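Trainee: Protein chains in written order, with our numbering: chain A, 68 to 289; chain B, 1312 to 1540. All residues carry an ideal CB built from backbone N, CA and C; glycine is no exception. Remember, predicted model here, so these are calculated numbers, not experimental data. Could you have a look at this structure, given as structure tokens, before my questions?
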Amino acid sequence: MTVAPKEFSASGMALRTAAILFVFVILFTGLLSAAYLWTRPAIEASAAEEKMKLVDEVLPRGEYDNALLADTLTLPPTPQLGLDEPSTLYRARLGGKPVALVFEAVAPDGYAGKIRLLIAVRADGQVAGVRVTQHKETPGLGDYIEVRKDKNKARPWITQFTGLALAQVADGEWKVKKDGGRIDYHAGATVTPRAVSKAVLKAVKWAAAHRDQFFAETGAAK
Amino acid sequence: MITRDEFRTIAGNGVWKQNTSIVQILGLCPLLAVTTNAVNGIMLSLATILVMALSNVAVASLRNFIPHEIRIPVFILIVAALVTVVDLLFNANLHELYLVLGIFIPLIVTNCIVLARVEAFAAKNPPLQSTFDGIFMGVGMLWTLALLGGMRELLGNGTLFGGIDMVFPGLQPIQLLPESYPGFLLALLPPGAFILLGCMIAWKNWLDARAAARAQRRSRRPAAVAGAH
């Protein structure tokens, strides 16, 4: 420990201590920023790569024949989907006819922050599939929303949404059973499935409202 | 740099005498959360070993610049920054491993073991000793969490090394009890972790008490001989 010379007054000591603390804060904030900036491209690249793998899980390859990854629109920040930054929407078509929209949504109220989802909604409003792409839910407790971590391999939790459609399922049933809906949940981790269910319902409604407009748009397709 | 005796003391303290989980009873929060199987416990411990070695060496190197009065905020700053950097580097460069370990790394920030070792050891000792202290404290945690996780899993599910397929895709969990084993939910829930941890602490205290009694008997005998003549 560095010991200050006796002549230092109390305020001088305090000032000196504050200055040292400040230097440490600057130093480690700098370290963090450098690490963040340096790793960002790699992290973004690997996240994108995984998204592509995920698209196959929410929408079977056989259902569309267009180049899905090229038929995209860039969405502005969409509060209805919980997205506060631009995102990409994929349009699946079969013989030129609309099949499904694949897009991202965020459940902002997970147990440990945001849960990012990838959702495919068919042209008739039916959910083709939902997958969790990123979350920080408690390992072993709330992470069953991720297929890989779900112990029920035959029918993972997240697949419950597959096939649900607004036309057949009332708004009130897109909820966990505890809240009077039809979605199963695991005891001890209700916040997580509740957040996901809410986000899926919002996303399906949003897709229904904007579907025709999105399929008609051609501009942003590259 | 480091003598044999120093090294042995540090290793002995970390692995047994000052074992974080069953002697210092620190870091119970992640302990309860992840020891639902042995693999999770081992993975968290490995991540902790890395973070403790790094934070100990960082604090030990900077210890002469940190005023005593503000040491705690500075330690927290150092630990939190290092954990975040480790998290980012893992994510960017070792993505496969990150998918396995990643979720555990942020948990370590909340782990008071890291801060405890920084405060109790690294702030007073040179970097090399501090690095070993971090590693061996982590090793102590590793065997405790692996044992606890293994017991919980065996009692709860009848399996061992569940989730190993996520670390090594080729491996499968071992089904130790018959498939028809109904499972024992208590062992998998946090209270089960507390009960089993209590059993482990009792077991360690029993071993220590037995060793102490034996040492006492041994030391009394020469004394009795001395008294007789």
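#1: Drop a sphere of 10 angstroms on the beta-carbon of P260 (chain A), count the other beta-carbons inside from all chains shown, and report buried for 16 or more, exposed for fewer.
#2: List, in chain order, every chain A residue whose beta-carbon is nearer than 9 Å to that of E1430 (chain B).
#3: Does W105 (chain A) get closer than 9 Å to chain B when you measure Cβ to Cβ?
#4: Grouping DSSP H, G and I as helix and E and B as strand, with all else coil, what is L161 (chain A)?
#5: Establish whether the CB of N1367 (chain B) and some CB of chain A are separated by less than 9 Å.
#6: Using a Cβ-Cβ distance under 9 Å, would I1414 (chain B) count as near chain A?
#7: Against chain A, does F1376 (chain B) count as a neighbour if the rule is that its beta carbon must be under 9 Å from one of theirs?
#8: Can you name the residues of chain B whose CB is closer than 8 Å to the CB of I186 (chain A)?
#9: Looking only at its own chain, which residues have a Cβ that is under 8 Å from the Cβ of A145 (chain A), when we skip the five neighbours before and after it?
#10: With a threshold of 9 Å between beta-carbons, can E1490 (chain B) be considered close to chain A, or not?
#11: Would you check if the distance between the CB atom of N1367 (chain B) and the CB atom of T1442 (chain B) is smaller than 9 Å?
#12: Thinking just about the alpha-carbon of each residue, which of A:V236, A:A167, A:E111 is nearest to the one in H277 (chain A)?
#13: Determine, for A1400 (chain B), whether the minimum Cβ-Cβ distance to residues of chain A falls below 9 Å.
#14: Cβ of L1339 (chain B) less than 9 Å from any chain A Cβ?
#15: When you compare only the Cα positions, how much space is there between P1493 (chain B) and A1427 (chain B)?
#16: Flag this pair as yes or no: are the beta carbons of I182 (chain A) and H202 (chain A) separated by less than 9 Å?
#17: Can a CB atom of chain B be found closer than 9 Å to the CB of D238 (chain A)?
#18: Is A179 (chain A) closer than 9 Å to S149 (chain A) when the C-beta atoms are compared?
#19: Indicate the three-state DSSP secondary structure (helix, strand or coil) for F1376 (chain B) in the structure shown.
#20: Could you work out which residues of chain A lie near N1351 (chain B), taking near to mean beta carbons separated by less than 8 Å?
#21: Which residues mark the beginning and the end of the beta strand (DSSP E) in which A195 (chain A) is found?
#22: Can you list the residues of chain B that A109 (chain A) reaches, using a CB-CB cut of under 9 Å?
#23: Rounded to whole angstroms, what's the CA-CA distance from K1328 (chain B) to M1448 (chain B)? Just pull it up for me.
#24: By alpha-carbon positions, which one of B:G1474, B:N1375, B:A1364 ends up nearest to P1484 (chain B)?
#25: Tell me, to the nearest whole angstrom, how far the beta carbon of A1392 (chain B) is from that of L98 (chain A); I am working on the premise that it is less than 8 Å.
#26: DSSP three-state label for D238 (chain A), please.
#27: Measuring only between beta-carbons, confirm whether V1326 (chain B) sits less than 9 Å from chain A.
#28: With a threshold of 8 Å, are at least 3 pairs of Cβ atoms found where one atom belongs to the region 1353-1363 of chain B and the other to the region 1412-1420 of chain B?
#29: Figure out for me which residue from B:R1315, B:E1317, B:L1466, B:I1377 has the closest Cα to the Cα of E1430 (chain B).
#30: Helix, strand or coil: which one does DSSP assign to Q1486 (chain B)?
#31: According to DSSP, simplified to helix, strand and coil, what is D176 (chain A)?
#32: Tell me, please, whether the CB atom of L1459 (chain B) is closer than 9 Å to any CB atom in chain A?
#33: Hey, F1495 (chain B) and G1467 (chain B) are a contact pair by Cβ (cut 8 Å); roughly how many whole angstroms apart?
#34: Any beta carbon from chain A within less than 9 Å of P1417 (chain B)'s own beta carbon?
#35: Beta-carbon separation of W19 (chain A) and A1403 (chain B) under 9 Å?
#36: Taking E216 (chain A) as the reference, give the member of B:D1476, B:L1388, B:I1333, B:M1462 with the closest Cα.
Mentor: Reading from the atomic positions:
#1: Your numbering for residue 260 (chain A) matches position 193 in the first sequence. With 16 or more Cβ atoms within 10 Å of its Cβ, P260 (chain A) is classed as buried.
#2: Start at 1 with the first residue of the second sequence, and residue 1430 (chain B) comes out as number 119. Within 9 Å Cβ-Cβ: nothing; E1430 (chain B) doesn't reach chain A, min ~13 Å.
#3: The residue labelled residue 105 (chain A) in the question sits at position 38 within the first sequence. Chain B, which has a Cβ nearer than 9 Å to the Cβ of W105 (chain A), makes this yes.
#4: The residue you call residue 161 (chain A) lines up with position 94 of the first sequence. It is a strand residue.
#5: For this step, residue 1367 (chain B) is matched to residue 56 along the second sequence. Taking Cβ atoms only, chain A never reaches closer than 9 Å to N1367 (chain B), which makes this a no.
#6: On the second sequence, residue 1414 (chain B) is found 103 positions in, with the first residue counted as 1. By this cut-off, I1414 (chain B) is an interface position.
#7: Your numbering for residue 1376 (chain B) matches position 65 in the second sequence. Yes, contact with chain A.
#8: Counting from one through the first sequence, the residue named residue 186 (chain A) turns up at place 119. Result: empty, since nearest Cβ-Cβ is about 22 Å, beyond 8 Å.
#9: Translated into positions along the first sequence, residue 145 (chain A) becomes position 78. This sequence places Thr at residue 145 (chain A); Ala is not what is there. Excluding positions up to five away in sequence, the list reads S154, W273.
#10: Numbered from its first residue, the second sequence carries residue 1490 (chain B) at position 179. No, its Cβ sits nowhere closer than 9 Å to a Cβ of chain A.
#11: Here residue 1367 (chain B) refers to the residue found at position 56 of the second sequence. Here residue 1442 (chain B) refers to the residue found at position 131 of the second sequence. Yes. Within cutoff.
#12: Taking the first residue of the first sequence as 1, we reach residue 277 (chain A) at position 210. Residue A:A167 is the option with its Cα nearest to H277 (chain A).
#13: Here residue 1400 (chain B) refers to the residue found at position 89 when the second sequence is read from its first residue. This sequence places Leu at residue 1400 (chain B); Ala is not what is there. It does; some Cβ of chain A falls within 9 Å.
#14: For the purposes of this step, residue 1339 (chain B) is taken as the residue at position 28 of the second sequence. No, no contact with chain A.
#15: Position 182 of the second sequence, counted from the first residue, corresponds to residue 1493 (chain B). Position 116 of the second sequence, counted from the first residue, corresponds to residue 1427 (chain B). The straight-line gap from Cα to Cα measures roughly 41 Å.
#16: For the purposes of this step, residue 182 (chain A) is taken as residue 115 along the first sequence, with counting starting at 1. For the purposes of this step, residue 202 (chain A) is taken as residue 135 along the first sequence, with counting starting at 1. In this structure, H202 (chain A) lies closer than 9 Å to I182 (chain A) by Cβ.
#17: Sequence index remark: in the first sequence, residue 238 (chain A) carries index 171 (1-based). Not an interface residue.
#18: Translated into positions along the first sequence, residue 149 (chain A) becomes position 82. Translated into positions along the first sequence, residue 179 (chain A) becomes position 112. In the sequence as displayed, the identity of residue 149 (chain A) is Gly instead of Ser. It is not a contact, given that the beta carbons lie outside the stated cut-off.
#19: Counting from one through the second sequence, the residue named residue 1376 (chain B) turns up at place 65. In this structure, F1376 (chain B) counts as helix in the three-state DSSP scheme.
#20: The residue you call residue 1351 (chain B) lines up with position 40 of the second sequence. Neighbours of N1351 (chain B) on chain A, chain order: P206, G207.
#21: Start at 1 with the first residue of the first sequence, and residue 195 (chain A) comes out as number 128. 194-201 is the extent of the beta strand (DSSP E) around A195 (chain A).
#22: Here residue 109 (chain A) refers to the residue found at position 42 of the first sequence. Near A109 (chain A) (Cβ distances below 9 Å), the residues of chain B are N1402, A1403, N1404, H1406.
#23: By one-based count along the second sequence, residue 1328 (chain B) stands at place 17. By one-based count along the second sequence, residue 1448 (chain B) stands at place 137. Roughly 10 Å separates the two Cα atoms.
#24: Here the question's residue 1484 (chain B) lines up with position 173 in the second sequence. For P1484 (chain B), the nearest C-alpha among the options comes from B:G1474.
#25: In the second sequence, the residue the question calls residue 1392 (chain B) occupies position 81. In the first sequence, the residue the question calls residue 98 (chain A) occupies position 31. With 8 Å as the limit, A1392 (chain B) and L98 (chain A) qualify as a contact, their Cβ atoms being about 6 Å apart.
#26: Working through the first sequence from its first residue, we reach residue 238 (chain A) at position 171. Three-state result, D238 (chain A): helix.
#27: Position 15 of the second sequence, counted from the first residue, corresponds to residue 1326 (chain B). Chain A contact via Cβ: absent.
#28: yes
#29: Taking the first residue of the second sequence as position 1, residue 1430 (chain B) is located at position 119. Residue B:I1377 is the option with its Cα nearest to E1430 (chain B).
#30: By one-based count along the second sequence, residue 1486 (chain B) stands at place 175. Strand.
#31: One-based indexing of the first sequence puts residue 176 (chain A) at position 109. Correct three-state label for D176 (chain A): strand.
#32: By one-based count along the second sequence, residue 1459 (chain B) stands at place 148. So, not an interface residue.
#33: Counting from 1 along the second sequence, the entry for residue 1495 (chain B) is found at position 184. Counting from 1 along the second sequence, the entry for residue 1467 (chain B) is found at position 156. Going by Cβ atoms, the distance from F1495 (chain B) to G1467 (chain B) rounds to 5 Å, so yes, they are a contact pair.
#34: One-based indexing of the second sequence puts residue 1417 (chain B) at position 106. For P1417 (chain B), the answer is yes, since a Cβ of chain A falls inside 9 Å of its Cβ.
#35: Past the boundaries of the shown model lies residue 19 (chain A); chain A is included only from 68 to 289, so the question cannot be answered.
#36: Within the first sequence, the letter at position 149 stands for residue 216 (chain A). Before going further, note that residue 216 (chain A) is Lys rather than Glu in the sequence given. Minimum Cα distance to K216 (chain A) is reached at B:D1476.
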